[in-house]
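Residue numbers (our numbering): 2 to 555.
For each residue, glycine too, the CB sits at the ideal point set by N, CA and C.
A quick write-up on the structure given underneath.
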Amino acid sequence: MNKILKFIKGYIVWDKAHESDIPFLLFKFNNVFLNNDQKLFIKHNYDIFRTNKTDNFNKKIILLELDGTSTNAIALSYLADQLSKKYNAKLTAFFPRVPRSFLKKINWKLRNVFGFLPVYSVFKSFGVSSFLTPSLNNYLSKESNRIYKEQLGLINNKSDLENITIYDVLFGDLIYDYFLKWEMVPTIDIKSKKFRTHLKYCIKLIVYWNNFLVDNDVVAINVSHTVYSNAIPLRIAAKLGIDCFQCNESHVYRLTHDNPFAYKEFVYYRKLFSKLNDEEKVSGIKKAKERIDRRFLGEVGVDMSYSKKSAFTAPVKDRLLSKTDKIKILLAPHCFFDSPHPYGINLYPDVFEWLEELVRISKLTDYEWYVKTHPDFMIETKSLVEDYFKPHSKFKILPSETSHLQLVEEGIDFTLTMYGTVGFEYAAMNKTVINASLNNPHLAYGFNINPTSREEYTEILMDLKNVNKPKINLNDVYEYYYMHHLHFNRNWLFENFDLTENLFALGHGRMGQDTAVYPYWVDNWSKKKDEQILDNLGKFIESGEYRMRPEKVL
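So, in structure tokens, the structure goes:
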């Protein structure tokens, strides 16, 4: 088995965080050996996309990030079709990163030339004619080293790192989050050799992609993520005015230099809701209240398909909070590794730095502090949280399965998060939440406290007795919930996305890793459905809008 895994690691992008994850390993096997599901989908694509030809003399390029997930491949086949027809441009699939060793460089060259892995066959089936892997020549290597030395001298703290800007494009948050994910660590030591090696590597990517996008006639690009190193070519392309997209089985986004993040439509929630007719407003508020009530009754997975455990179970008999009159604070930490900058810069550069500030404040105040992780949290994050707070006796670690209902019943006064779902959940229970980020999904509404700086954040926490609590309007909470979870239809590709999501576990860290979705797709395909998908996508591409909202749903 070890020999087989070593072989596979040589031909795939390996993620050490999933080393013992059997479904993930099966997914990786499917990335090496073409199976019958993939063969069926490939044949289907050749049948329906065979008329999509481009002028061989046209030098225009559409870049599509190479993505082995099944559902993304289905979605991307349609985006590729519409973009290539619009621009009469050739489709090129790309790997976003420079291979980290000589052997990996050779490996990627062989892949690109011979295309012997299933993902290459899948991408070819919907029109991709070439494959690209970053590689720096001597000139670009010298340019990269020059910029690295220049940037290294500018980094005196983590905020400096967050704000690294090269070619007038912000990359600091991407470099930061990619380091945490790659190394599986909670924070960065900017003086460490590991970080310096990482910084040099990321600057290589930046230099390569800037050179490629400036020198070639790239007219559009699609990426799998708008965070980590995947987003480096996206950010440069957006700065150059190239059409940028993130397309998957449930969403299609257009990204720009001013807004390079997907999933940030919350900025527009109030404006969008105000434009709805009265009937939809009333219906939306009612639906949202019903869904929140179901969550509070302990139902699992309500508009959160990735969740397998409820945080709102019935209270247990044993009391968890003390009966003192002291102010009681609940801290709801986030995953340390999973992109602390999903929507942009926060008050603190990472979760660890945020916790450090809370520990400092705890020593200067006479509050009671409680810490609770989500029951669905990664085991690595749970362990890190527990280990982190062990030396700090002022913080009591609560069992992850503790019900929020019980904490509210026993007298929690304030809840702290950076940008988490407790922002609306505790507001729905008429409790005050203080966010540590202005890039949080609840910002458009007044039911949380949103400090604008670290100084204001600290000032508020130091004097909670006199804090000006928001007057919570439950209709605002319901409006937020409706816009965030219910308003945007996700059935642009599948007729019933929720059903498909449950069938193939798309939301539970699997993201279409099951190739059985391919025969499901082919069996349920129809010409009418095909035409509707293409029509919706075509109109979205021409619209200039941020997120696709199909006029007609499947």
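Delimiting residues of the beta strand (DSSP E) encompassing residue i
i: aspartate 244; result: 244 to 248
i: threonine 422; result: It is not in any beta strand (DSSP E) - threonine 422 carries neither H nor E in the DSSP assignment.
i: tyrosine 254; result: 253 to 256
i: threonine 416; result: 415 to 418
i: phenylalanine 396; result: 396 to 398
i: isoleucine 62; result: 62 to 66
i: alanine 221; result: 219 to 223
i: tryptophan 370; result: 369 to 372
i: valine 434; result: 433 to 436
Endpoints, alpha helix (DSSP H) assigned at residue i
i: leucine 273; result: 270 to 275
i: serine 1; result: No statement about residue 1 is possible, as the shown extent of the chain runs from 2 to 555 and does not include it.
i: lysine 91; result: No alpha helix (DSSP H) holds lysine 91; the beta strand (DSSP E) holding it covers 91 to 95.
i: tyrosine 521; result: 518 to 524
i: isoleucine 204; result: 194 to 216
i: leucine 331; result: Per DSSP, leucine 331 belongs to no alpha helix (DSSP H); it is in the beta strand (DSSP E), 329 to 332.
i: alanine 289; result: 279 to 297
i: threonine 382; result: 380 to 390
i: leucine 359; result: 352 to 363
i: histidine 405; result: 405 to 411
i: proline 341; result: Taken as a continuous stretch (DSSP letters only), proline 341 belongs to no alpha helix (DSSP H), as it is neither H nor E.
i: histidine 45; result: 37 to 49
i: asparagine 537; result: 528 to 544
i: methionine 549; result: No alpha helix (DSSP H) contains methionine 549, which DSSP labels as neither H nor E.
i: isoleucine 450; result: Where isoleucine 450 is concerned, there is no enclosing alpha helix (DSSP H), given that its DSSP letter is neither H nor E.
i: glutamate 1; result: No answer is possible for residue 1: the residues shown for the chain start at 2 and end at 555.
i: alanine 239; result: 233 to 240
i: phenylalanine 498; result: 498 to 505
Per-residue burial, residue i [other beta carbons within 10 Å of its own, 16 or more giving buried]
i: glycine 545; result: exposed
i: glutamate 66; result: buried
i: glycine 173; result: buried
i: aspartate 178; result: buried
i: phenylalanine 34; result: exposed
i: asparagine 138; result: exposed
i: glutamate 552; result: exposed
i: proline 392; result: exposed
i: methionine 512; result: At methionine 512, the pLDDT of 42 sits below 50, so the modelled position is not reliable; the number obtained from the coordinates is stated separately. The residue is buried, with at least 16 neighbouring Cβ atoms inside 10 Å.
i: lysine 10; result: Its pLDDT being 39, under 50, lysine 10 is placed unreliably by the model, and nothing is read from it.
i: leucine 494; result: buried
i: asparagine 107; result: One detail in the question is off: residue 107 reads as isoleucine in this sequence, not asparagine. Isoleucine 107 comes out exposed.
i: aspartate 326; result: exposed
i: valine 224; result: buried
i: asparagine 37; result: exposed
i: phenylalanine 338; result: buried
i: asparagine 525; result: exposed
i: lysine 166; result: The amino acid occupying residue 166 in the given sequence is threonine; lysine does not appear at that position. With fewer than 16 other Cβ atoms within 10 Å, it is exposed.
i: asparagine 431; result: exposed
i: valine 317; result: exposed
i: serine 323; result: exposed
i: threonine 257; result: exposed
i: arginine 320; result: exposed
i: glycine 421; result: buried
i: serine 145; result: buried
i: glutamate 426; result: buried
i: asparagine 347; result: buried
i: asparagine 467; result: exposed
i: aspartate 244; result: buried
Nearest-angstrom Cβ-Cβ length linking residue i and residue j, presumed shorter than 8 Å
i: threonine 418; j: proline 471; result: Their Cβ separation, rounded to whole angstroms, is 15 Å, which puts threonine 418 and proline 471 out of contact at 8 Å.
i: isoleucine 435; j: tyrosine 371; result: About 14 Å; that fails the 8 Å criterion.
i: glutamate 250; j: alanine 76; result: 5 Å
i: isoleucine 148; j: isoleucine 204; result: 5 Å
i: lysine 288; j: leucine 487; result: 6 Å
i: isoleucine 63; j: alanine 90; result: 5 Å
i: alanine 239; j: leucine 175; result: No, alanine 239 and leucine 175 are not in contact; Cβ-Cβ is about 13 Å, not under 8 Å.
i: leucine 153; j: arginine 197; result: 7 Å
i: methionine 549; j: valine 253; result: 4 Å
i: asparagine 560; j: serine 126; result: A query on residue 560 cannot be resolved here, the shown segment of the chain reaching from 2 to 555 and no further.
i: threonine 374; j: serine 394; result: Not confirmed; about 19 Å, so no contact.
Assess, as a yes-or-no matter, whether the region 80 to 97 is touched by the region 531 to 544 under the definition of 3 or more beta carbon pairs within less than 8 Å.
-> The region 531 to 544 vs the region 80 to 97: in contact.
Are the region 496 to 503 and the region 355 to 372 in contact at 8 Å, needing three or more beta carbon pairs?
-> Judged by Cβ distances under 8 Å, the region 496 to 503 makes no contact with the region 355 to 372, as fewer than three pairs qualify.
Pairing CB atoms from the region 518 to 533 with CB atoms from the region 36 to 45, are three or more of them under 8 Å?
-> Here the region 518 to 533 makes contact with the region 36 to 45; the two share three or more CB pairs at distances below 8 Å.
Is the region 203 to 223 close to the region 374 to 384, with three or more CB pairs under 8 Å?
-> Result no; under three Cβ-Cβ pairs closer than 8 Å.
Contact between the region 341 to 350 and the region 254 to 267: three or more CB pairs below 8 Å?
-> These segments touch.
Start-end ranges of the beta strand (DSSP E) lying completely within the region 125 to 196, minimum 3 residues | Given a length threshold of 3 residues, each whole run of the beta strand (DSSP E) inside the region 125 to 196 is given here in chain order: 129 to 133.
Taking contact to mean at least 3 C-beta pairs separated by less than 8 Å, is the region 125 to 142 in contact with the region 180 to 200?
-> No, the region 125 to 142 does not touch the region 180 to 200.
Okay, do the region 394 to 411 and the region 460 to 469 touch, 3+ Cβ pairs below 8 Å being the bar?
-> Touching, no.
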